[in-house]
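**Q** Pasting a structure here, questions to come.
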Amino acid sequence: MNIYQIGGMTFEILSPDDSYIKMCHDYQCTNPIDSPLDFTVNITSEDIEREKQLYSYPCNSAMANSSKIYRCICSQAIKRGGFFLHSAVIEYGGLAYAFLAPSGTGKSTHIKLWRKLLGKDVSIVNGDKPLIMPRLSGEFYAYGTPWSGKEGWQRNVSVKMGAICILKRGETNKIKEISTFEALQYMLKQTLIPDEKDDVEKLLENIDSFLSGNIRCYMLECNMELDAAVTSFEKMTGKDASEYLNAVQNRI
Amino acid sequence: MKLVKGFVIKTVGGKCVAVATGEAVSRFKGMIVLNDTAEVIFRQLMEGDTTAEAIAVKLTEEFDITKEQAKHDVDAFIEKLSSLNLFA
Chain A
0 MNIYQIGGMT
10 FEILSPDDSY
20 IKMCHDYQCT
30 NPIDSPLDFT
40 VNITSEDIER
50 EKQLYSYPCN
60 SAMANSSKIY
70 RCICSQAIKR
80 GGFFLHSAVI
90 EYGGLAYAFL
100 APSGTGKSTH
110 IKLWRKLLGK
120 DVSIVNGDKP
130 LIMPRLSGEF
140 YAYGTPWSGK
150 EGWQRNVSVK
160 MGAICILKRG
170 ETNKIKEIST
180 FEALQYMLKQ
190 TLIPDEKDDV
200 EKLLENIDSF
210 LSGNIRCYML
220 ECNMELDAAV
230 TSFEKMTGKD
240 ASEYLNAVQN
250 RI
Chain B
0 MKLVKGFVIK
10 TVGGKCVAVA
20 TGEAVSRFKG
30 MIVLNDTAEV
40 IFRQLMEGDT
50 TAEAIAVKLT
60 EEFDITKEQA
70 KHDVDAFIEK
80 LSSLNLFA
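Heads up: the sequence lines are chains A and B, in that order.
Going by numbering that gives the first Met the number 0, the letters in the first sequence line up with residues 0 to 251, in that order.
Going by numbering that gives the first Met the number 0, the letters in the second sequence line up with residues 0 to 87, in that order.
Laid out in structure tokens, this is it:
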């Protein structure tokens with residue numbers, strides 16, 4: 000049985016193209032499931048062909064299949080109070096920090112700088128397509144998924160959300176706290192807007208509930224120097240980076 | 000005057016926003032932030048074929064403003080929506 004657990008949801012995947020099995024390996028349920036499935040992702044050959052048409056560039060069946068499966072999971076996530084956020088999420092001190100930017104802005108580069116600065120104290124949650132889901136407590140958690148961008152950075156973990164940061168390229172490194180409302184405008188550009196009105200309303204409710212929790216939002220302008228990570232790390236975690244910086248310099 | 004179909008109005012982060020879905024996405028991606036007046040105008044437009052005149056009357060019912068002020072607000076907002084190509 001192809002049963003998976005992603006974003007706190009348990010489901011079966013049925014598809015004529017089995018290339019996703021290897022990709023989703025870390026999320027496959029190995030033990031028998033004693034509770035009913037939350038849903039089934041049922042993909043047909045027609046779905047795969049339709050999905051191919053959505054791309055402006057040539058897309059093979061494996062890609063189209065993977066994309067369609069993720070689209071189904073995202074729509075289920077919305078029904079369960081969560082949402083997909085196109086971002087790179089890392090874990091530090093037990094909290095998740097999400098960096099948002101259009102592809103090609105430098106999310107991965109910035110994450111590499113955090114890793115360089117903080118070493119093993121920081122770990123990846125997901126490099127590209129995490130799910131943000133509420134727990135029963137009402138707190139939102141970032142969940143790793145197999146969809147993790149070209150670097151393939153992902154872990155099957157869930158980490159309580161600490162802050163989100165909109166990332167922009169700049170000459171120098173500057174960070175400021177922004178209002179949740181300002182953050183919303185960027186978040187909407189980095190999520191999937193469903194086709195159906197009811198689903199869009201639910202998505203907006205979910206994001207509203209996420210933003211009205213204890214989530215801080217920042218806007219970072221940064222270059223590709225180590226100082227970029229120092230700037231965002233200190234502001235977002237409230238911690239001093241000097242010990243880490245000394246350690247980096249000693250390593251060099 | 001018909002607004003393109005597919006907008007959803009919702010209060011998020013304490014502010015009222017209109018987000019494009021379905022058909023409207025091909026014309027506009029993202030969201031429009033609506034103040035109290037704009038929300039009334041937008042809702043009237045979403046209800047179907049209407050006129051600036053009819054919306055202005057509605058505004059005078061909802062807010063303590065003159066017909067002239069209402070007409071001015073409606074025209075200005077409609078012009079903005081036109082420039083975004085949001086009328087069918």
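Idealized CB from N, CA, C, for every residue including glycine.
Note that the structure is a prediction, hence the values are computed from the model and not measured.
Using 8 Å as the cut-off, can you tell me whether the region 220 to 231 of chain A makes contact with the region 146 to 160 of chain A, which would need three or more C-beta pairs spanning the two stretches below that distance?
**A** no
**Q** Name the DSSP bridge partner or partners of Phe82(A)?
**A** The secondary-structure analysis by DSSP pairs Phe82(A) across a beta bridge with Ile131(A).
**Q** So which residues of chain B does Ile131(A) contact, with C-beta pairs closer than 8 Å?
**A** For Ile131(A), there are no neighbours in chain B by C-beta distance under 8 Å, as the nearest C-beta there is about 15 Å away.
**Q** Relative to the C-alpha of Ile12(A), which candidate in Lys67(A), Glu90(A), Glu195(A) and Tyr54(A) has its C-alpha closest?
**A** Lys67(A)
**Q** With a cut-off of 7 Å, does the C-beta of Glu200(A) fall near any C-beta of chain B?
**A** yes
**Q** Between the Cα of Leu219(A) and the Cα atoms of Asn59(A), Lys173(A), Pro31(A) and Gly143(A), which residue gives the shortest distance?
**A** Lys173(A)
**Q** Counting only runs that start and end within the region 187 to 229 of chain A, where is the beta strand (DSSP E) found for 3 or more residues in a row?
**A** 215 to 221
**Q** Over what stretch of residues does the alpha helix (DSSP H) that includes Gln68(B) continue unbroken?
**A** Counting along the chain, the alpha helix (DSSP H) containing Gln68(B) begins and ends at Lys66 to Ser82.
**Q** Among Thr171(A), Ile206(A) and Val199(A), which residue has its Cα nearest to the Cα of Gly137(A)?
**A** Ile206(A)
**Q** Using 7 Å as the limit for Cβ to Cβ distance, is Lys4(B) near chain A?
**A** no
**Q** Nearest chain B C-beta to Leu183(A) closer than 7 Å, yes or no?
**A** yes
**Q** Can you name the residues of chain B whose CB is closer than 7 Å to the CB of Lys188(A)?
**A** Gly29
**Q** Kindly list the residues whose CB is nearer than 8 Å to the CB of Thr9(A), restricted to its own chain and excluding five residues on each side of it in sequence; keep chain order.
**A** Ile2, Tyr3, Cys28, Ile32, Ser34, Leu36 and Asp37
**Q** Would you tell me roughly how many angstroms separate the C-alpha atoms of Asp198(A) and Cys23(A), rounded to the nearest one?
**A** 26 Å
**Q** Between Asp127(A), Ile72(A) and Leu117(A), which has its C-alpha nearest Thr39(A)'s C-alpha?
**A** Ile72(A)
**Q** Going along chain A in order, which residues have a C-beta closer than 7 Å to the C-beta of Gly12(B)?
**A** Thr179, Phe180, Leu183, Asp207 and Leu210
**Q** Any beta carbon of chain A sitting closer than 7 Å to that of Gly47(B)?
**A** No, Gly47(B) lies away from the interface with chain A (no Cβ there is under 7 Å from its Cβ).
**Q** Quick check: the Cα distance between Pro193(A) and Asp48(B), rounded to an integer number of angstroms?
**A** The straight-line gap from Cα to Cα measures roughly 26 Å.
**Q** When the cut-off is 7 Å and only beta carbons count, does Asp33(A) lie next to chain B?
**A** no
**Q** Could you confirm whether any beta carbon from chain B is found closer than 7 Å to the beta carbon of Val167(A)?
**A** The displayed chain sequence assigns Lys, not Val, to residue 167(A). Not an interface residue.
**Q** Name the two residues that bound the continuous alpha helix (DSSP H) containing Ala240(A).
**A** Here Ala240(A) belongs to no alpha helix (DSSP H), and DSSP marks it neither H nor E.
**Q** Please state whether DSSP places Cys58(A) in a helix, a strand or coil.
**A** coil
**Q** May I ask which residues mark the beginning and end of the alpha helix (DSSP H) holding Leu33(B)?
**A** That residue, Leu33(B), is in no alpha helix (DSSP H); its beta strand (DSSP E) goes Met30 to Leu33.
**Q** Just to confirm the assignment, what range does the alpha helix (DSSP H) spanning Ile42(A) have?
**A** That residue, Ile42(A), is in no alpha helix (DSSP H); it is neither H nor E in DSSP.
**Q** Quick check on the burial criterion: 16 or more other C-beta atoms within 10 angstroms. Buried or exposed for Lys1(B)?
**A** exposed
**Q** Would you give the residue range spanned by the alpha helix (DSSP H) that Ala17(B) belongs to?
**A** Segment Lys14 to Ala19 is the beta strand (DSSP E) holding Ala17(B); no alpha helix (DSSP H) there.
**Q** Tell me the DSSP secondary structure of Lys62(B) in three-state form.
**A** The question names Lys, but residue 62(B) is Phe in the sequence shown. Look at Phe62(B) here: in three-state DSSP terms it is coil, with no helix or strand label.
**Q** Relative to the C-alpha of Ala23(B), which candidate in Glu52(B), Thr36(B), Ile8(B) and Gly13(B) has its C-alpha closest?
**A** Ile8(B)
**Q** What did DSSP end up calling Leu3(B) once you bin it into helix, strand or coil?
**A** It should be noted that the sequence gives Val, not Leu, for residue 3(B). Of the three classes helix, strand and coil, the one that applies to Val3(B) here is coil, per DSSP.
**Q** Among residues of its own chain, excluding the 5 on either side of His85(A), which ones have a beta-carbon nearer than 6 Å to its beta-carbon?
**A** Residues Gln189 of the same chain have their beta carbon placed closer than 6 Å to that of His85(A), with the five preceding and five following residues left out of the count.
**Q** Helix, strand or coil, according to DSSP, for Ser157(A) in the structure here?
**A** Annotated three-state conformation of Ser157(A) is strand, per DSSP.
**Q** Going by DSSP, name the residue or residues bridged to Ser122(A).
**A** Glu90(A)
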